[in-house]
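> Quick one: the structure is below, questions incoming.
Protein chains in written order, with my numbering: chain A, 1 to 303; chain B, 304 to 606.
Here it is, written out as structure tokens:
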């Protein structure tokens, strides 16, 4: 018997998220830009604090809860994923990349602080992510610290986010087939979303089968997130998005909507959602409420 | 009785460096840009391979030898420090920063591949540094992996290299006093040079007193390196340097030479060299030949 519907009905994602968000915001406020020169602290904090859905941290925390992980390690991992995400936005918005001036409803970092400061703040945020994962004065097992660094570095680097960005750069005005587009998104946004789920799992002791299932869940929601993002780029306005809408079409970038059309894109997002649900069922983990709810939330954004 | 002079006379730095350099070059060739999209692989490899003195890797390997560390861990740490150094050069050369077109006698990365690729390649090189330190398929102890990540992240980030860069940006046309200039350089170049020495030490089991002494050695040669760099900026030509000479004065950046004058700067470099030698003597470590010789080499560049 599938009891998931019943379980879900008892779980309040808004309440759960509000509690977790409060922890994450406080931790980021405490950890970002401390003891750094003021000219670097300001753009770093501007890039990170007071904005964003914190989806990656939520995935880390939900996954850590599912396997009964170490909460302090999970909070550090949660913030580390957000720092990588934040740095990528700062660099991605720069004039030599997407040249975007609006982000989360505010001027982008280079508009506010200049390009040199934006470049450096992004670089420092990436380093800070690995600092957070390797505390000397916390009693997190060093094997856990190493595993978290390994997962994050791979997701951020040339075989992950940065690699996806590079493919994206090459794809402007190019007609991609769906498999190529999927590969790009698996690297560009999927790798870090999946790593967030796996880093949550790495804060405890997941069985190999559960760890694999969480990886499948992360891959599915990672891709679903991007499909939905492409849908929103054509269906939502800039105020709702907090960033410039219609940017992809304007820049002649391939998207799921441009390749599959709007309705088939929505159908694809739904099937990815179903895959994520199926993976969680197979995980054998008991406490997946937040992971189920986050998968729902990701796809419901599109409607 | 001080037997150092005798020991040094038996040590051939050129031979030692050539052997180590060969290992480092092969490892970098193997590790940089593998399995990444070609458009990212090319600028990453261009930025890293076939150039540079590899001073940071040499310091890692020399320090690891001094404490009898794990050679495989040392090679990974050596390459990781070089990747951080290389990424910082790529970003530092960009138009929004120093806007330099020549590096190691070749066009800079953004001149060759465009600014977007330079930005991304730098980002990916930073991530790769942490990937190299956290192999899943190598039998390096995870506690060692975590310690290496901790040292590197701090040296690269807001309280290290990136922080120093931020101060540097703010200092153009500003009259700094020597303590402020020293602080900037301790962050901008000193932190990573010192971390290289400490990472070498972290590949084995250094006694706390030896670890502290190696830290003092690293701090002294780190600052000496920058003082000598400032001296060379006014005394050497672009061909010899492999980069644009006289750049600091042209950009009205404070340097040791502009603050202390040429002769006092040389004197300061000598006293830092003496400090580094003194630290090694106090370390109680037997096999410091390469560390002594590297300290000599750093200061002898100025003459």
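Using N, Cα and C, we set each Cβ at its ideal position, and we do this for glycine too.
If I measure Cβ to Cβ from residue 111(A) and keep anything under 6 Å in the same chain, skipping five residues before and after, which residues do I get?
Within the same chain, residue 111(A) has close Cβ partners 101.
> Name the DSSP bridge partner or partners of residue 106(A)?
Answer is 103(A).
> Around the C-beta of residue 528(B), are 16 or more other C-beta atoms found within 10 angstroms, so that it is buried, or is it exposed?
Residue 528(B) should be labelled buried.
> Can you tell me which of 393(B), 332(B), 568(B) and 538(B) puts its alpha carbon nearest to the alpha carbon of residue 382(B)?
Residue 382(B) has its Cα closest to that of 332(B), out of 393(B), 332(B), 568(B) and 538(B).
> Helix, strand or coil for residue 399(B), going by three-state DSSP, please let me know.
In this structure, residue 399(B) counts as coil in the three-state DSSP scheme.
> For a contact defined as C-beta to C-beta under 8 Å, what are the partners of residue 446(B) on chain A?
Residues of chain A passing the Cβ test: 142, 143 and 146.
> On the DSSP letters alone, give me the boundaries of the alpha helix (DSSP H) that residue 506(B) sits inside.
That residue, residue 506(B), is in no alpha helix (DSSP H); it is neither H nor E in DSSP.
> Hey, does residue 13(A) have any beta-carbon neighbour from chain B nearer than 9 Å?
Not closer than 9 Å to any Cβ of chain B, the Cβ of residue 13(A) fails to qualify, so no.
> Can you tell me whether residue 222(A) is helix, strand or coil according to DSSP?
Looking at residue 222(A) - three-state DSSP - the assignment turns out to be helix.
> Report the neighbours of residue 338(B) on chain A: residues whose CB is nearer than 7 Å to its CB, in chain order.
The contacting residues are 159.
> Determine the burial state of residue 280(A): buried for a count of at least 16 other Cβ atoms within 10 Å of its Cβ, exposed for fewer.
Buried, since its Cβ has 16 or more Cβ neighbours within 10 Å.
> If you measure from the beta carbon of residue 349(B) to each beta carbon in chain A, is any gap under 9 Å?
By this cut-off, residue 349(B) is not an interface position.
> Would you mind sorting residue 233(A) into buried or exposed? The rule is 16 or more other CB atoms within 10 Å of its CB.
It counts as buried.
> Take residue 72(A) as the anchor and find which of 83(A), 135(A), 114(A) and 95(A) has the nearest alpha-carbon.
Of the listed residues, the one whose Cα sits closest to residue 72(A) is 135(A).
> Have a look at 506(B), 568(B) and 558(B) and flag the residue whose alpha-carbon is nearest the alpha-carbon of residue 363(B).
Nearest C-alpha to residue 363(B): 506(B).
> Would you decide whether residue 32(A) is buried or exposed? Buried here means 16 or more other CB atoms lie within 10 Å of its CB.
Residue 32(A) is buried by the Cβ-count criterion.
> Taking the beta carbon of residue 10(A) as the centre, do at least 16 other beta carbons fall within 10 Å, making it buried, or is it exposed?
It is exposed - the Cβ of residue 10(A) has fewer than 16 other Cβ atoms within 10 Å.
> Residue 475(B): which of 561(B), 387(B) and 371(B) sits nearest, CA to CA?
It is 561(B) whose Cα lies nearest to the Cα of residue 475(B).
> State the Cα-Cα distance for the pair residue 163(A) and residue 587(B), rounded to the nearest angstrom.
Their Cα atoms are separated by approximately 46 Å.
> Quick one: what does DSSP say residue 134(A) is sitting in, helix, strand or coil?
Three-state result, residue 134(A): coil.
> Out of curiosity, what's the CA-to-CA distance linking residue 372(B) and residue 508(B)?
Cα to Cα, the separation comes out at about 7 Å.
> Please decide whether residue 399(B) counts as near chain A, where near means a Cβ-Cβ distance under 9 Å.
So yes, residue 399(B) belongs to the interface.
> Please specify which runs of the beta strand (DSSP E), each continuous and at least 3 residues long, are wholly inside the segment 133–211 of chain A, giving them in chain order.
For the segment 133–211 of chain A, not a single whole beta strand (DSSP E) run of length 3 or above is found.
> When Cβ atoms are compared, which residues of the segment 520–544 of chain B fall closer than 8 Å to chain A?
Result list empty, no residue passes.
> Would you kindly work out how many angstroms separate the C-alpha atoms of residue 306(B) and residue 589(B), rounded to a whole number?
Only weak support exists for where residue 306(B) lies, its pLDDT of 46 falling under 50; the value from the coordinates is given anyway. Their backbone Cα atoms lie some 11 Å apart in a straight line.
> Going by the CB atoms, is the gap between residue 58(A) and residue 17(A) shorter than 9 Å?
A contact, by the Cβ cut-off of 9 Å.
> What does residue 377(B) reach in chain A if we use C-beta pairs closer than 7 Å?
Ordered by position in chain A, no residue passes the 7 Å Cβ test against residue 377(B), which lies about 17 Å from the chain.
> Applying the criterion that 16 or more other CB atoms from any shown protein chain within 10 Å of the CB defines a buried residue, is residue 595(B) buried or exposed?
Its Cβ being crowded by 16 or more others within 10 Å, residue 595(B) is buried.
> Can you tell which of 497(B), 433(B), 315(B) and 350(B) has the C-alpha that lies nearest to the C-alpha of residue 397(B)?
The candidate whose alpha carbon is nearest that of residue 397(B) is 350(B).
> Of all the options 358(B), 493(B), 431(B) and 406(B), which has the alpha carbon lying nearest to the alpha carbon of residue 452(B)?
If we check each option's Cα against that of residue 452(B), 431(B) comes out closest.
> Would residue 511(B) pass as an interface residue toward chain A - the criterion being a Cβ-Cβ separation below 9 Å?
No, no contact with chain A.
> Spell out a yes or no on whether the segment 441–450 of chain B and the segment 385–399 of chain B are touching, meaning 3 or more CB-CB pairs, one atom from each, closer than 8 Å.
These segments do not touch.
> With a threshold of 9 Å between beta-carbons, can residue 122(A) be considered close to chain B, or not?
So, interface residue.
> Quick one: what does DSSP say residue 327(B) is sitting in, helix, strand or coil?
In the structure shown, residue 327(B) sits in a helix (DSSP, three-state: H, G or I).
> The alpha helix (DSSP H) with residue 599(B) in it runs from where to where?
Where residue 599(B) is concerned, the enclosing alpha helix (DSSP H) stretches over 592–603.
> Short of 6 Å in beta carbon distance, which residues of its chain neighbour residue 190(A), apart from the five on each side in sequence? Order them along the chain.
For residue 190(A), where only same-chain residues beyond five positions count, the Cβ hits under 6 Å are 222 and 223.
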